[in-house]
Every structure is written in structure tokens, then in C-alpha cells.
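Here's the structure we're looking at; comments come further down.
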Amino acid sequence: MRTMETLDTGEVLRRFRDAHPVTGEESRAGNEYVEGVLRLAADQRGGRWRRVALDGGEIAGILLPWHTGENGGREPVPPAGATVAEAAATLRAWGGDYPDTNPGCWGRISWLAGAPHGPLFLSEGAVDHPFYERMERRDGLVHLDGLHRMLAWTLWDRVPARAQAYVAG
773 MRTMETLDTG EVLRRFRDAH PVTGEESRAG NEYVEGVLRL AADQRGGRWR RVALDGGEIA
833 GILLPWHTGE NGGREPVPPA GATVAEAAAT LRAWGGDYPD TNPGCWGRIS WLAGAPHGPL
893 FLSEGAVDHP FYERMERRDG LVHLDGLHRM LAWTLWDRVP ARAQAYVAG
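Numbers in this note's numbering are just positions in the sequence shown, counted from 1, shifted up by 772.
Here it is, written out as C-alpha cells:
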């Protein structure tokens, strides 16, 4: 992980909004939720942010919190958490079943498979939030925004050589 610059929370939120334009009610609600998590991470990490470059191995090891798969029939990330590599392996093991049981989540993943690479938003360690509270591994880089993006990159072999991320802590 190579640090490229340090930032304040206001600048990170501006860059998040630039990377996630609001296109309707669903994206507005999603952005508001993520902005709340970004503020929470900033508050819990002393307001320190870094823009960093991550390689593929670092991306594979990012910890993901519980993810219900957009309330589908299967949870690609259990409450205990998983790394990006582990969650991608779970999805591969489920094969063609996941798009049927979790069409909302799979729709996001498959759309992002061909989308431009965007920045990730992470935290040094798990934040104090309900989706993170049962994580068994809490240290290291932890996802705040970009779960579907990282899974798409991994499943479609599109992990960038250097990905941009904003890290709280």
C-alpha cells in the first residue's frame, strides 16, 4: 500500500460524491447511507484519511462485513465477515444459483464487471456499526464502500494492478 496524499473528511466526501453521482432515489438513499458510514469511520479514526494505491493481493485481503446479498436467498458474506478472495470463492462455488437467489446483488456485481474501475473506501480496522459488530477479524483494511466492485473485479479477472482507495485511519 502506497500513500499518495492525506485528506480531510470533507474532501473524501466530495470525492465520494464525484465517483457516485445520484441518478435516482435508490442511488440517493445508498449514497446517504455510505456517507454516514464514511463519517462514522472518520469520527472513530480521528478524522484522518489517506489516498492510497493498492495492488491485487491487498485487494484480495480486504475484509468485508456481513452482506445479505441485497436481501436475497443467500448471504455471500456471513456475519463473521470474509475477505474479498473468500467471498469471491463462495460465489464461484454457488455457480449459476446466485443470480437466481440474489438478483439484486448479482445485478450490481455483473453491471460492475464491465464498468470503469472506481475508487474504494476503506477503514483501518472494523468500525463500530451493526454490520461490522460480529466480524471475527477486525484488523487490517476493512470495506466501507466498494464490495460489489471488488467482487466483480475478482470474478471477471479485472483486478487492477493499482487501485485507488481512500482509507480512514
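All C-beta atoms, glycine included, are put in the ideal place defined by N, C-alpha and C.
| Contacting residues, own chain, Cβ-Cβ under 6 Å from Val899 (five flanking each side not counted) | Locating residue 899 in the sequence shown gives position 127, counting from the first residue. Once the five neighbours on either side are set aside, the close Cβ partners of Val899 are Leu812, Ala813, Gln816.
| said: If I measure Cβ to Cβ from Thr873 and keep anything under 7 Å in the same chain, skipping five residues before and after, which residues do I get? | reply: Taking the first residue of the sequence shown as position 1, residue 873 is located at position 101. Closer than 7 Å at the Cβ level, and outside the excluded window around Thr873, lie Gly844, Gly845, Arg846.
| In this structure, does DSSP put His792 in helix, strand or coil? | Along the sequence shown, one-based indexing puts residue 792 at 20. Of the three classes helix, strand and coil, the one that applies to His792 here is coil, per DSSP.
| task | For Met922, name the three-state secondary structure that DSSP assigns. | result | For this step, residue 922 is matched to residue 150 along the sequence shown. Residue state, collapsed to three classes: helix.
| said: With H, G and I counted as helix, E and B as strand and the rest as coil, what does DSSP make of Val856? | reply: For the purposes of this step, residue 856 is taken as the residue at position 84 of the sequence shown. Val856 sits in a helix when the DSSP states are folded into three classes.
| said: What residue range does the beta strand (DSSP E) around Glu798 cover? | reply: On the sequence shown, position 26 is the one that residue 798 refers to. Glu798 -> not in any beta strand (DSSP E); alpha helix (DSSP H) instead, spanning 797-816.
| Since Arg906 is in the alpha helix (DSSP H), which residue starts that stretch and which ends it? | Along the sequence shown, one-based indexing puts residue 906 at 134. Taken as a continuous stretch (DSSP letters only), Arg906 belongs to no alpha helix (DSSP H), as it is neither H nor E.
| query | What's the C-alpha gap between Glu798 and Gly876? | reply | For the purposes of this step, residue 798 is identified with residue 26 of the sequence shown, where counting begins at 1. For the purposes of this step, residue 876 is identified with residue 104 of the sequence shown, where counting begins at 1. Glu798 and Gly876: Cα-Cα distance of roughly 12 Å.
| Which residues bound the beta strand (DSSP E) around Asp929? | Position 157 of the sequence shown, counted from the start, is the residue given in the question as residue 929. Annotation for Asp929: no beta strand (DSSP E) segment contains it, and DSSP assigns it neither H nor E.
| request: Report the rounded CA-to-CA distance for Leu884 versus Pro891, giving the unit in angstroms. | output: To locate residue 884, count along the sequence shown from 1; it is residue 112. To locate residue 891, count along the sequence shown from 1; it is residue 119. Leu884 and Pro891 have their C-alpha atoms spaced approximately 13 Å apart.
| Range covered by the alpha helix (DSSP H) that runs through Asp872 | As a first step, residue 872 is located in the sequence shown; it is residue number 100 there, counting from the start. If you look at Asp872, you'll find it in the alpha helix (DSSP H) that goes 869-873.
| Once you ignore the five residues that flank Ala924 on each side, which residues in its own chain have a CB closer than 6 Å to its CB? | Position 152 of the sequence shown, counted from the start, is the residue given in the question as residue 924. The beta carbon of Ala924 sits closer than 6 Å to the beta carbons of Ile881, Leu884, Ala885 from its chain, once the five residues preceding and following it are set aside; these are given in chain order.
| field | Where the beta strand (DSSP E) through Glu896 begins and ends | value | Position 124 of the sequence shown, counted from the first residue, corresponds to residue 896. Where Glu896 is concerned, the enclosing beta strand (DSSP E) stretches over 892-896.
| task | Could you tell me which of Pro888, Ala861, Tyr870, Val856 sits nearest to Met922, measuring between CA atoms? | result | Here the question's residue 922 lines up with position 150 in the sequence shown. Nearest option by C-alpha distance: Val856.
| task | Classify Val784 as helix, strand or coil using the three-state DSSP reduction. | result | Position 12 of the sequence shown, counted from the start, is the residue given in the question as residue 784. Of the three classes helix, strand and coil, the one that applies to Val784 here is helix, per DSSP.
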